[in-house]
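K.L.:
Here it is, the structure, as structure tokens.
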Amino acid sequence: MLKNYDFKFAVLKFLLLTIILTPIVYYLGLQLVYKIGFLDLSFQKHFEAIYFALNMKTEQAFSFFVYIALFSPLLAFLPTNHLKGEYGSAAFATNNLINKMDLFKEEGIVLGKKGSKLLKYDTPLSSLVLAPPGTGKSTAISIPNLLTVKKSMIVLDPKDELFQITSKFRGQKFKSRIYKYNPLDEDSVKFNPFSKFFIGEVLTENHELNEEAWNKAENIVNEVAYLIYQEKDNYDYWIEEARSLFILLALWLIFSKGETTLPEIRAYSMQDYTAMLDEEVEGEDSLLPFIQKEIDILEFSNIFIPNRIKEELQALRKKADKEYSGVFGSFKSPLNIFANSVIAKNFSTNDLDILTFRTNLSTLYISIKEKDLRQLSMLNRVFIEFIYSNLLSSMPDKNDLDIVGIFDEFPRFGKLHYLMELSSIGRAYKLPCLFIAQDYAQIKKTYNQDVISVLESTTAFKVIFPQTNEETARRYAELIGDFTVERRNESRNIDVKSSRSIQKQLLGQKLITKQDILSQDSDTIYILAINNYKNPIKATPYIYFKDKTLTKELEKINKE
Numbered sequence: 057m058l059k060n061y062d063f064k065f066a067v068l069k070f071l072l073l074t075i076i077l078t079p080i081v082y083y084l085g086l087q088l089v090y091k092i093g094f095l096d097l098s099f100q101k102h103f104e105a106i107y108f109a110l111n112m113k114t115e116q117a118f119s120f121f122v123y124i125a126l127f128s129p130l131l132a133f134l135p136t137n138h139l140k141g142e143y144g145s146a147a148f149a150t151n152n153l154i155n156k157m158d159l160f161k162e163e164g165i166v167l168g169k170k171g172s173k174l175l176k177y178d179t180p181l182s183s184l185v186l187a188p189p190g191t192g193k194s195t196a197i198s199i200p201n202l203l204t205v206k207k208s209m210i211v212l213d214p215k216d217e218l219f220q221i222t223s224k225f226r227g228q229k230f231k232s233r234i235y236k237y238n239p240l241d242e243d244s245v246k247f248n249p250f251s252k253f254f255i256g257e258v259l260t261e262n263h264e265l266n267e268e269a270w271n272k273a274e275n276i277v278n279e280v281a282y283l284i285y286q287e288k289d290n291y292d293y294w295i296e297e298a299r300s301l302f303i304l305l306a307l308w309l310i311f312s313k314g315e316t317t318l319p320e321i322r323a324y325s326m327q328d329y330t331a332m333l334d335e336e337v338e339g340e341d342s343l344l345p346f347i348q349k350e351i352d353i354l355e356f357s358n359i360f361i362p363n364r365i366k367e368e369l370q371a372l373r374k375k376a377d378k379e380y381s382g383v384f385g386s387f388k389s390p391l392n393i394f395a396n397s398v399i400a401k402n403f404s405t406n407d408l409d410i411l412t413f414r415t416n417l418s419t420l421y422i423s424i425k426e427k428d429l430r431q432l433s434m435l436n437r438v439f440i441e442f443i444y445s446n447l448l449s450s451m452p453d454k455n456d457l458d459i460v461g462i463f464d465e466f467p468r469f470g471k472l473h474y475l476m477e478l479s480s481i482g483r484a485y486k487l488p489c490l491f492i493a494q495d496y497a498q499i500k501k502t503y504n505q506d507v508i509s510v511l512e513s514t515t516a517f518k519v520i521f522p523q524t525n526e527e528t529a530r531r532y533a534e535l536i537g538d539f540t541v542e543r544r545n546e547s548r549n550i551d552v553k554s555s556r557s558i559q560k561q562l563l564g565q566k567l568i569t570k571q572d573i574l575s576q577d578s579d580t581i582y583i584l585a586i587n588n589y590k591n592p593i594k595a596t597p598y599i600y601f602k603d604k605t606l607t608k609e610l611e612k613i614n615k616e
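Numbering (our numbering), first residue to last: 57 to 616.
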């Protein structure tokens with residue numbers, strides 16, 4: 057019953073009643089009983105009058121007024137007599153309840169403002185932010201967190217705006233290492249999942265196989281293969297076989313050279329090996345016979361060839377020429393992006409160790425302009441999924457840094473499996489995230505309803521900006537629920553006695569309706585905390601450029 061009791065507010069009411077009501081009631085007692093004004097008595101006489109009144113040594117009427125004056129302010133501490141919540145008990149969160157939600161922290165992820173206080177939380181929990189274009193999700197969520205949260209970060213930046221505004225500030229203010237990923241930019245961070253950095257030394261000095269490193273290489277190749285050649289809802293033969301060809305070539309090159317790259321796999325597959333064969337092969341491309349010849353030479357020298365390579369090769373060589381041609385076309389199509397020399401260069405070496413983000417404060421901006429997102433979707437998928445796969449491969453130490461994910465417009469980056477897992481398992485790995493989208497309709501274009509349901513049930517906080525999507529508005533109006541109201545119906549009988557009857561009825565009424573959310577003021581946001589959906593926080597967005605102290609510091613650093 058007293059779960060939402062606000063003691064601080066009760067104290068405030070008590071003080072106001074004591075200051076205002078007590079003197080008024082006491083003055084009325086003097087006037088009505090003794091016809092005396094307040095200034096007609098000295099302070100000492102007033103204290104004596106009160107003392108005698110409390111001991112019932114004055115007129116009873118005056119004693120009554122004194123008791124009322126002194127003890128009526130205590131009513132402030134009585135719980136408010138709410139209606140029974142038979143049809144719902146939704147109510148806006150008080151400051152006391154917000155404090156219990158742990159949203160008044162000094163440091164942490166910023167969601168908005170309540171009065172002059174910032175709403176922050178410092179636990180590795182994830183939040184979902186729904187904000188249509190033009191409502192200020194960047195200026196009120198992404199940028200404020202980049203400028204105030206001193207933790208490692210991975211940022212989806214579909215306009216390159218976040219990098220331009222905040223990267224220099226984070227580098228100087230927080231001493232953060234700054235990385236920028238954009239395959240079309242020559243200054244991009246370099247990434248190669250098949251480098252020795254990730255797989256280790258596959259071959260010893262005697263060209264013997266290091267089984268531990270080889271098993272790791274196989275796992276990485278499989279993972280990347282499934283990211284490039286994604287499984288579809290319905291079985292697709294050409295995609296499945298293209299993936300097999302990719303796995304063969306990647307493993308063969310790693311076995312032959314110790315490491316390889318995605319551009320090298322494409323280039324290797326396109327060479328003509330006819331001149332290197334002992335005899336002309338009819339009805340078959342020269343690539344697979346050449347690999348077979350190389351394997352035969354190595355095995356003749358008693359060099360062990362991993363079974364996976366031989367199995368994939370034999371399965372592919374059994375295919376008819378036309379069938380193999382279709383497989384090769386499906387294999388090569390997604391890799392044609394590496395015909396771009398800048399992209400090929402950016403994926404030929406590796407200078408990113410994502411695990412060091414746990415020990416050294418670092419910021420990675422994945423800054424892809426919107427017009428390039430579609431053509432780079434496969435590369436982005438491989439890059440983002442691979443780095444989060446690495447972060448989820450081992451538990452962080454007690455003193456490791458949180459790595460905050462700011463996923464601005466995340467549906468635009470395509471379907472990302474590991475990204476969607478973070479809302480449910482990220483806490484254990486110190487990977488809190490801000491999932492930022494326009495509305496549920498935008499998310500549904502990329503992900504199915506099951507994913508949306510999981511995202512909704514596993515994010516600790518929801519931040520709702522003014523909405524234009526009716527389904528999103530309806531969903532949150534229902535999620536918040538109803539409060540109970542009393543409706544009175546009065547009827548009169550026109551007769552001599554003028555009798556009347558009053559009927560009372562309890563009804564449920566939405567605390568926030570769909571129309572309220574659709575016509576929400578731009579200065580209003582609603583924040584919902586898990587297990588407290590019925591107590592939404594009515595807050596204001598924290599617009600970074602309205603914070604004069606922060607803006608002054610930002611401008612100073614960016615001008616240097």
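Where a beta carbon is used, it is the ideal one built from N, C-alpha and C, also for glycine.
Assuming the contact rule is C-beta atoms closer than 8 Å, Phe133 and Ala66 should be a hit. Round their C-beta distance to whole Å, please.
P.N.:
At roughly 5 Å, the Cβ-Cβ gap stays under 8 Å, so Phe133 and Ala66 are in contact.
K.L.:
Going by DSSP, what residues sit across from Ala352 in a beta bridge?
P.N.:
The sequence shown places Asp at residue 352, not Ala. For Asp352, which the question treats as bridged, DSSP gives no partner whatsoever.
K.L.:
Between Phe521 and Pro188, which are expected to be in contact by the criterion C-beta below 8 Å, what is the C-beta distance as a whole number of angstroms?
P.N.:
Between Pro188 and Phe521 the Cβ distance is about 7 Å, and since that is below 8 Å, they are a contact.
K.L.:
Let me know the secondary structure DSSP gives Met57 once reduced to three states.
P.N.:
Unreliable positioning characterises Met57 in this predicted model, as indicated by a pLDDT of 43, which lies under 50. The coordinate reading is nonetheless provided below. Here Met57 sits in coil by DSSP.
K.L.:
Residues in its own chain within less than 6 Å of Ile365 by CB, not counting five upstream and five downstream?
P.N.:
Counting only Cβ-Cβ distances below 6 Å, and skipping sequence neighbours, we find Leu307, Trp308.
K.L.:
Buried or exposed for Met451, going by 16 or more other Cβ atoms inside 10 Å?
P.N.:
Result: exposed.
K.L.:
With DSSP as the reference, identify every bridge partner of Leu584, one or two as the case may be.
P.N.:
Leu584 is bridged to Lys518.
K.L.:
Beta-carbon separation of Ala125 and Tyr82 under 8 Å?
P.N.:
Result yes, Cβ atoms of Ala125 and Tyr82 sit closer than 8 Å.
K.L.:
When DSSP labels each residue in this structure, what does Leu567 get in the three-state scheme?
P.N.:
In this structure, Leu567 counts as coil in the three-state DSSP scheme.
K.L.:
Which runs of the beta strand (DSSP E) at least 3 residues long sit entirely within the region 347-412? Give them in chain order.
P.N.:
With a minimum length of 3 residues, no continuous beta strand (DSSP E) run stays inside the region 347-412.
K.L.:
What residue range does the beta strand (DSSP E) around Leu174 cover?
P.N.:
173-177 is the span of the beta strand (DSSP E), which, as asked, contains Leu174.
K.L.:
Based on Cα-Cα distance, which residue from Glu315, Ile353, Thr316 lies nearest to Leu333?
P.N.:
With distances taken between Cα atoms, Leu333 lies closest to Ile353.
K.L.:
So, with DSSP's three-state summary, where would you put Arg483?
P.N.:
Three-state result, Arg483: coil.
K.L.:
CA-CA distance, Thr596 and Gln220?
P.N.:
Going from the Cα of Thr596 to the Cα of Gln220 covers about 26 Å.
K.L.:
If you pair each beta-carbon of the region 291-306 with each one of the region 269-280, do three or more pairs fall below 8 Å?
P.N.:
Contact between the region 291-306 and the region 269-280 is present, because at least three Cβ pairs lie under 8 Å.
K.L.:
In terms of DSSP beta bridges, what is Phe463 paired with?
P.N.:
Paired residue(s): Leu212, Phe491.
K.L.:
Let me see if you follow: with CB-CB separation under 8 Å, is Lys566 close to chain C or not?
P.N.:
Looking at the structure shown, chain C is missing, and only one protein chain is on hand.
K.L.:
Who are the Cβ neighbours of Asp579 in its own chain at under 6 Å, not counting the five residues just before and after it?
P.N.:
Result list for Asp579: Thr596, in chain order.
K.L.:
Can you look up Gly168 in the DSSP assignment and give me helix, strand or coil?
P.N.:
In the structure shown, Gly168 sits in a strand (DSSP, three-state: E or B).
K.L.:
Could you tell me if Asn504 is buried or exposed, where buried requires 16 or more neighbouring beta carbons within 10 angstroms of its beta carbon?
P.N.:
Label assigned to Asn504: exposed.
K.L.:
As a quick exercise: from Ile459, Leu68, Leu478, pick the residue whose alpha carbon is nearest that of Lys206.
P.N.:
Closest option to Lys206, Cα to Cα, is Ile459.
K.L.:
Thinking Phe225 and Val258 are a contact (beta carbons under 8 Å), I'd like their distance in whole angstroms, please.
P.N.:
Contact doesn't hold; Cβ gap of about 42 Å is too wide.
K.L.:
Measuring only the C-alpha atoms, how far is Lys608 from Lys170?
P.N.:
So the alpha carbons of these two residues sit roughly 23 Å apart.
K.L.:
Among Gly537, Gly470, Tyr600, Thr605, which one has its Cα closest to the Cα of Ser145?
P.N.:
It is Gly537.
K.L.:
With contact counted as at least three CB pairs below 8 Å, one residue from each stretch, are the region 486-493 and the region 183-198 in contact?
P.N.:
Segments in contact, yes.
K.L.:
Terminal residues of the continuous beta strand (DSSP E) containing Leu283?
P.N.:
Where Leu283 is concerned, there is no enclosing beta strand (DSSP E), although the alpha helix (DSSP H) it sits in stretches over 267-284.
K.L.:
Mapping the DSSP letters down to three states, classify Leu68 as helix, strand or coil.
P.N.:
Helix at Leu68.
K.L.:
So Ser208 packs on Ser418, CB below 8 Å; how close in whole Å?
P.N.:
Right, the Cβ-Cβ distance comes to about 5 Å (below 8 Å), so this counts as a contact.
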